[in-house]
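Taking my numbering, I'd label the letters of the sequence shown as residues 23 to 501.
Reviewing the structure listed below.
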Amino acid sequence: MFNSYSSKFVRAAAGLTLAASLVWATSSPTVIGAEPVPPQEAEAATPSPSPAPESPVPAVCAESALTVELGSRLDIPGKYGMDRSAFTYAMKPAKMARVTDRGLVIPLAAGGSVLSVGTAEPSTGSLTPLCDISVTVRAADIPKTPLTPKVETRKIKSGSKTFSVQVVTLPKGMPADVALAGGKVGGVEDLKDMALRSHADAAVNGTFFEAYGGIPEPWDTIIHDGQIAHLSNKGTTIGFTADGIAKMDSLRIKIEGSIGGSDKWPNNWYAYFFNRTPSKESNAATLFTPKRGSKIGFAYGTSIVVKAGIIEKIAANENVAIPQDGFVLVLTGTETKQAERFQVGKTAAYRVRYMNAEGQPMDWGDVVTAVGAGPRVLKDGKVAVDAKKEGFTQEKIISLAAARSGIGIRKDGSVVVVTVGKATVRELGDILKAVGAVQGMNLDGGASSGLFAKGKMLTKPGRLISNSLVFGANLRFAP
23 MFNSYSSKFV
33 RAAAGLTLAA
43 SLVWATSSPT
53 VIGAEPVPPQ
63 EAEAATPSPS
73 PAPESPVPAV
83 CAESALTVEL
93 GSRLDIPGKY
103 GMDRSAFTYA
113 MKPAKMARVT
123 DRGLVIPLAA
133 GGSVLSVGTA
143 EPSTGSLTPL
153 CDISVTVRAA
163 DIPKTPLTPK
173 VETRKIKSGS
183 KTFSVQVVTL
193 PKGMPADVAL
203 AGGKVGGVED
213 LKDMALRSHA
223 DAAVNGTFFE
233 AYGGIPEPWD
243 TIIHDGQIAH
253 LSNKGTTIGF
263 TADGIAKMDS
273 LRIKIEGSIG
283 GSDKWPNNWY
293 AYFFNRTPSK
303 ESNAATLFTP
313 KRGSKIGFAY
323 GTSIVVKAGI
333 IEKIAANENV
343 AIPQDGFVLV
353 LTGTETKQAE
363 RFQVGKTAAY
373 RVRYMNAEGQ
383 PMDWGDVVTA
393 VGAGPRVLKD
403 GKVAVDAKKE
413 GFTQEKIISL
423 AAARSGIGIR
433 KDGSVVVVTV
443 GKATVRELGD
453 ILKAVGAVQG
463 MNLDGGASSG
473 LFAKGKMLTK
483 PGRLISNSLV
493 FGANLRFAP
């Protein structure tokens, strides 16, 4: 990696997926807001295919065998210092372990599998195998110091008020994951059920979602298995690496696509959102991945279906299927003009670029789990709230007292999760500071506020919810 741009170039080809975190270095990175602006197009530009990438043997190929413990994940590019831009991964059989397009190995059951590593040529999708590595999945060792949550109820003062607060403290390095309701974007489920099927030691409700009618889709960013499940460029995001290290920032994401291995006009394209249903009247470009489910879920707009890195179909007003090894780009309104760039049989791919709210590049390529919400309530040990600057407009979030869920990071790297009744976001900042956090943010609240730990509900939500953050020493990582 260089220039600390963390991007992802996604391609699935002939059963292999191209791990993709390409780096686009620019002198003036674009600031991405809640409604991204399409990139400028050079009308006189002459399309020129990108040069075929070199295929150096990756460091992981020096290994003849790998061992992964149940309840953990292995970030291959992160561990072996590999370029996230040019390698493909496949796992066979996939019953014992699976591997994502970014090289994240996820154990499923004790046993053996074989990891195949290779490269794919961007313009044709042709594959070059590099090595096969034996993967053994085994039960985790019992740690000398068990990773267990600490649960307590505390009385905490903020100004003239005293709050009864449910507090769960999670040791540094405890694995974290996002539980999606029903295993996909766009459903609802009981928080306790999410926690139990994830084998979680603790769980808290996650980001805001559409709870009052329509499709119950998330409002903000979700990263699951290192792949973006939903995107909204506002608020604050908490992220976790494969080894459970937490970080918090104003994550902003830009999606940039290519056709035929070229990212130059007219072969470049863009999208604004992931797995978010556009309205019929909107001018939107949205990517749909298998995290949405088997189909996009509506029958309007122009859909470009990409399977195994190849444009398989271009359809209008059809509820198309989402390939398990690909994606669908749906264009509505004025964005349908982008459809002219695509041709069946050509290759297509996309990558993402990570920035903060100021447009500065962020190295979040190692983040495998993340939930965006907000506003931020605690920064570097000081209570700091600027909800409007983060893109929030609703008074119930900005200034009113309500049931709150919050999450914070302590100086020692441990994570603290709280729930409290009838507090403002600023009071939530005081509460997180009182329990030792130096960084803190608001999660969804009101009837969504819920907290689970050690097999029981500490705070029960008043409704089914869309997503949650789950933590545990022996998590079951669902697809």
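Ideal Cβ placement from N, Cα and C applies to all residues, glycine included.
Query	Result
List the residues that DSSP assigns as beta-bridge partners of V173.	V190
I'd like to know whether the C-beta atoms of L465 and A395 end up nearer to each other than 8 Å.	yes
Count the other CB atoms within 10 Å of the CB of Y449; is the residue buried (16 or more) or exposed (fewer)?	Tyr is not the amino acid found at residue 449; the sequence shown has Glu there. By the 10 Å Cβ count, E449 comes out buried.
For the beta strand (DSSP E) holding P144, just list the boundary residues, first then last.	It is not in any beta strand (DSSP E) - P144 carries neither H nor E in the DSSP assignment.
Using a 10 Å radius around the Cβ and a threshold of 16 neighbouring Cβ atoms, would you call T308 buried or exposed?	buried
Comparing C-alpha positions only, which one of A321, G458, A423 and T369 sits nearest to N341?	A321
How would you label Q249, buried or exposed, when you count the other beta carbons within 10 angstroms and need 16 or more for buried?	buried
In its own chain, which residues sit with a C-beta less than 7 Å from the C-beta of K18, not counting the 5 before and 5 after it?	The chain is shown from 23 up to 501; residue 18 falls before or after that span and cannot be answered.
If I follow the unbroken beta strand (DSSP E) through A338, where does it start and stop?	I332 to A338
For the beta strand (DSSP E) holding K302, just list the boundary residues, first then last.	Counting along the chain, K302 falls outside any beta strand (DSSP E), and DSSP gives it neither H nor E.
Does DSSP put Y102 in a helix, in a strand, or in coil?	helix
Classify P151 as helix, strand or coil using the three-state DSSP reduction.	strand
Taking all protein chains shown into account, do 16 or more other C-beta atoms lie within 10 angstroms of the C-beta of G235, making it buried, or fewer, making it exposed?	exposed
List the residues that DSSP assigns as beta-bridge partners of R426.	V442
Taking DSSP as the reference, what is the three-state secondary structure of T358?	helix
Closest to R314 by CA distance: which of K194, P80 and T299 is it?	T299
What does A198 pair with, by DSSP beta-bridge criteria?	F493
Excluding the 5 residues preceding and the 5 following L126 in the sequence, name in chain order all residues of the same chain whose CB lies nearer than 8 Å to its CB.	R95, L96, D97, I98, D247, G248, A264 and V390
Three or more beta-carbon pairs under 8 Å between the segment 483 to 495 and the segment 216 to 224, yes or no?	yes
What are the boundary residues of the beta strand (DSSP E) that M463 is part of?	A459 to N464
For the beta strand (DSSP E) that contains R398, what are its first and last residues?	R398 to K401
Could you name the residues of the same chain whose beta carbon sits closer than 7 Å to that of Q62, not counting the 5 residues immediately before and after it, in chain order?	Any reading at Q62 must be qualified, since the residue scores a pLDDT of 44, below 50, and its modelled position is unreliable; the value itself is stated next. So no residue of the chain qualifies.
Just to confirm the assignment: which complete beta strand (DSSP E) runs, minimum length 3, are found wholly within the segment 340 to 393?	348 to 353 and 370 to 377
Between the segment 132 to 150 and the segment 418 to 435, do three or more beta carbon pairs fall short of 8 Å?	no
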